[in-house]
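Each position in the sequence shown, counted from 1, maps to that position plus 3 in the numbering used here.
In this text, a Cβ means the ideal position worked out from N, Cα and C, and glycines have one as well.
Read through the structure below, which is laid out as structure tokens, and then see the notes.
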Amino acid sequence: MSNSDRIHLTECPRDAQQGLPYTIPPEKRAAYINRLMQVGFDIIDFGSFVSPKAVPQMAESAKVLEGITKEGSATRLLAIIGNARGATEAAAQQKVDILGFPYSISDTFLERNIHSDSSRVLHALNEIADISQGAGKELRVYISMAFGNPYGDEWSEFIIQDAVYLLAGKGVQTITLSDTTGLGTPDMIYKLFQTLIPRFPGIELGLHLHTVPEAAYDKIDAAWKAGCRSFDGVLNGLGGCPLTGYELLGNVNTLTLLQYFRDNNIATGLDEARIRQTAAAYPDFIGLKS
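Below, the structure written as structure tokens:
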């Protein structure tokens with residue numbers, strides 16, 4: 004596989020766990036991630052440094068990190084943060100490689116998710132970029148509501164393009180387009196990636212989908228054919244942002260991603276047998292609390 008076709012896969016247990024109606028002890032969360040560290044994912048979105056009042060399932064993420072073993076694994080760890088305080092806390096963690104920040108063009112989403120707006124989020128982004136750079140951490144920015152907006156806020160493909168220009172101008176090299184509420188169609192996904200990828204050759208543009216399961220395969224296909232090579236997934240497709248009103252809309256199932264790649268003879272380098280064994284060994288992480 005050429006470098007231009009190399010797949011970058013992120014497994015997102017954090018996105019699944021934050022929507023569960025119960026909490027999982029940090030020691031068990033660490034044990035689960037340790038299993039995932041050995042199957043070949045590029046990145047694991049393991050947790051977040053946000054208020055435990057807002058997302059109680061993500062409390063004690065620092066304690067989870069204490070139990071994670073990185074030796075013998077090339078997989079990197081990503082932590083979601085919502086402000087400069089969270090960025091400072093996450094950046095101080097030696098095992099954290101990447102800070103993930105949920106930027107958005109939607110004021111309604113910003114208010115619901117991180118209590119911000121389009122003006123304040125830029126100030127926060129500047130602070131977070133400085134914190135990330137100072138700590139030697141990569142910054143990955145998610146453009147939430149990238150494929151439509153159910154709240155009535157203004158949205159267009161041109162606004163998304165402007166947002167990518169803005170982030171690239173601030174030195175962000177990894178930008179993930181997030182379909183937070185499942186509005187993106189295959190045609191929309193194809194058109195947006197086909198437009199953006201040639202214009203930003205130095206930027207890794209990825210896809211983070213919340214979608215109904217029956218629509219996932221066609222959306223993955225559209226992104227791949229448009230040149231996208233960075234995908235997020237969650238085993239069993241659980242998850243959804245708990246602060247948007249669309250928390251019951253799940254993520255793309257990692258197994259659906261792998262099925263697509265198998266069907267199209269695309270190598271991933273993942274140990275699929277161990278992935279399935281891990282899912283079976285931890286049913287509470289895929290919504291089947293034992």
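- For glutamate 130, the enclosing alpha helix (DSSP H) has its first and last residue at 121 to 138.
- Ranked by Cα distance from leucine 128, the first of Asp100, Gly174, Gln96, Glu160 is Gly174.
- Counting along the chain, proline 105 sits inside the beta strand (DSSP E) bounded by residues 101 to 107.
- It is roughly 29 Å from the alpha-carbon of arginine 9 to the alpha-carbon of isoleucine 131.
- Assignment of alanine 149 by DSSP, reduced to helix, strand and coil, places it in the coil class.
- Below 8 Å, enough C-beta pairs join the stretch 201 to 215 and the stretch 163 to 178 to call them touching: three or more.
- Counting along the chain, the unbroken alpha helix (DSSP H) around glycine 172 starts and ends at 160 to 172.
- Rounded to the nearest whole angstrom, the CA to CA distance from lysine 222 to isoleucine 192 is 7 Å.
- Annotation: the continuous alpha helix (DSSP H) that includes glutamate 275 extends over 275 to 284.
- By the Cβ neighbour-count rule, glycine 75 is exposed, with fewer than 16 other Cβ atoms within 10 Å of its own.
- Taking C-alpha positions only, threonine 183 is separated from tyrosine 168 by approximately 21 Å.
- Of the residues Asn268, Thr259, Asp266, Ile269, the one whose Cα lies closest to the Cα of arginine 279 is Thr259.
- Valine 58 sits in coil when the DSSP states are folded into three classes, being neither helix nor strand.
- Straight across, the Cα-Cα distance linking glycine 85 with aspartate 48 is about 14 Å.
- Assigned with DSSP and collapsed to three states, serine 64 falls in helix.
- Beta-bridge pairing by DSSP links valine 237 to Asn256.
- Valine 215 counts as exposed, since fewer than 16 other C-beta atoms from the protein chains shown sit within 10 angstroms of its C-beta.
- Under the three-state reduction of DSSP output, threonine 177 falls in the strand class.
- Using a Cβ distance threshold of 8 Å, isoleucine 83 and glycine 70 do not count as a contacting pair.
- DSSP places isoleucine 36 within a helical segment (H, G or I) once states are collapsed to three.
- Our two residues, aspartate 224 and tyrosine 25, have alpha carbons roughly 34 Å apart in a direct line.
- Pairing threonine 271 with glutamine 41, the inter-Cα distance amounts to about 14 Å.
- DSSP places alanine 270 in no alpha helix (DSSP H); its state is neither H nor E.
- Counting the other Cβ atoms within 10 Å of the Cβ of glutamine 20 gives 16 or more, which makes it buried.
- As computed with DSSP, leucine 142 is found in a beta bridge with Leu102.
- Per DSSP, arginine 9 is not a residue of any beta strand (DSSP E), being assigned neither H nor E.
- Rounded to the nearest whole angstrom, the CA to CA distance from aspartate 100 to glycine 172 is 22 Å.
- Selection Leu261, Gly230, Thr111 evaluated against leucine 238 yields Leu261 as nearest (Cα-Cα).
- Pairing proline 189 with alanine 219, the inter-Cα distance amounts to about 9 Å.
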